[in-house]
Every structure is written in structure tokens, then in C-alpha cells.
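>
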Amino acid sequence: MEILHKIRSVVDTVLSTLCAVFFGLMVIVGTYQIVTRYFFNAPSTVSEELLTYSFTWMALLASAYVFGKRDHMRMGFVADKITGTRRKVLEIAIECLVLLLALSVMVYGGFNIQQLTMTQKTASLGIPMGYVYTVLPLSGLLIAFYSIVNIVDLAMGYEREQREVKE
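In terms of the numbering used here, the sequence shown has 89 at position 89, counting the first letter as 1, and numbering is strictly consecutive.
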């Protein structure tokens, strides 16, 4: 069980660092775009594409990170009204549904769309669109990993508060 939490900690660190790097990149590229557009009257199409794709990558990786931390927004009006074993079963069922969604839509569907778009090139950067879509199966795998860890935690009675005390 400890090895699973160590792996989760490493994945958390990598994801948070990647999100910070993408955000920093977006700030730099956005500033460059503003300067070239308004001061030099020469807008850059490359920076527009780079901003769009880096925002997409950051948003999907950050959503996996937030899901892993279990800090995502949820509607708990049903789960908050029940306690004990019934609540545990409900939360495990929800995690199983998320796992199914992540594997079927994000990983399977994302891999298919990635393969279909490898021959298409982006307009300004000239890279295959499949590289841009790589984030879909990647974030799907990350969400699936976190979902499995959450299911194990719930099944073993390892609550979030216990995890935070150790961190």
C-alpha cells in the first residue's frame, strides 16, 4: 500500500511541475504575442497556436492532478446524506464509473483520434495534430491510475485525512 502512495506522490509532483511549466510558457508566449501585435503591428500566428495547445495540455493534465487529489468539484447531495458501508459502496461505484469513462472515452477514444490525426499538420507550427491529441490518452491513463488508487484506498478504509497526516 505504501508503494502505491509513493508512486502517487511522484506522479503528483510531476503533474504539478508540468502544469507550472505550461502556465509559465503560456505567460511568456502570451506576453510575446501582445508585444508583437500591439507594439510592432506584426501578429504572430505561431504564438496563437502555441497558446491554444499549451492551454489544452495544461487544462487536461491539471484536471487529472485535481482528480488525483480528490479536490474536484462534485455534487455530493446524495453521498453526503448516507454514511458507513453504503457511502463506501457508493463512492467505490462512482470511482468505477470514472475509471470506465477514463479508459473508454479518454484512453481508447483519445488513442483513436490521435492515430487518425497523425497525418494532419497544424497550420503554423507544422507538427502532426496527433502530437497535440496525445494529451487525451495520457490524461485518461492518469485519471485511471488515480481512480484505481482511490478505489484501493476506499476499499482498505484508507481515508484522505490519514493520507494528509503522513504528507
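Just so you know, even glycine gets a beta-carbon here, dropped at the ideal spot from N, CA and C.
On the premise that residue 99 lies in contact with residue 148, defined as a C-beta separation below 8 Å, what is that separation, rounded to the nearest angstrom?
Position 148 of the sequence shown, counting from 1, holds the residue named residue 148. Position 99 of the sequence shown, counting from 1, holds the residue named residue 99. Rounded, the Cβ-Cβ distance is 7 Å, consistent with contact.
> Residue 155 and residue 196 - do their beta-carbons sit closer together than 9 Å?
Residue 196 falls outside the range modelled here, since the chain spans only 1 to 167, and no answer is possible.
> Among 90, 83, 139, which has the Cα closest to the Cα of residue 101?
Taking the first residue of the sequence shown as 1, we reach residue 101 at position 101. Considering only alpha carbons, the answer is 139.
> Does the count of Cβ pairs from the stretch 56–70 and the stretch 32–48 closer than 8 Å reach three?
Short answer: they don't touch.
> For the pair the stretch 23–37 and the stretch 76–92, tell me if three or more CB-CB distances fall below 8 Å.
Verdict: no, contact absent.
> Going by DSSP, which residues form a beta bridge with residue 121?
The residue labelled residue 121 in the question sits at position 121 within the sequence shown. In DSSP, residue 121 forms a bridge with 128.
> With a cut-off of 8 Å on the beta carbons, I'd call residue 114 and residue 141 a contact; round off their distance for me.
As a working note, residue 114 is residue 114 in the sequence shown. As a working note, residue 141 is residue 141 in the sequence shown. Residue 114 to residue 141, Cβ: 13 Å. No contact.
> If you draw a straight line from the alpha carbon of residue 40 to that of residue 34, how long is it in whole angstroms?
To locate residue 40, count along the sequence shown from 1; it is residue 40. To locate residue 34, count along the sequence shown from 1; it is residue 34. Distance between the alpha carbons of residue 40 and residue 34: 9 Å.
> Considering Cα atoms alone, identify which of 134, 90, 89, 117 is closest to residue 168.
Here the chain has residues from 1 to 167 only, and residue 168 is not among them.
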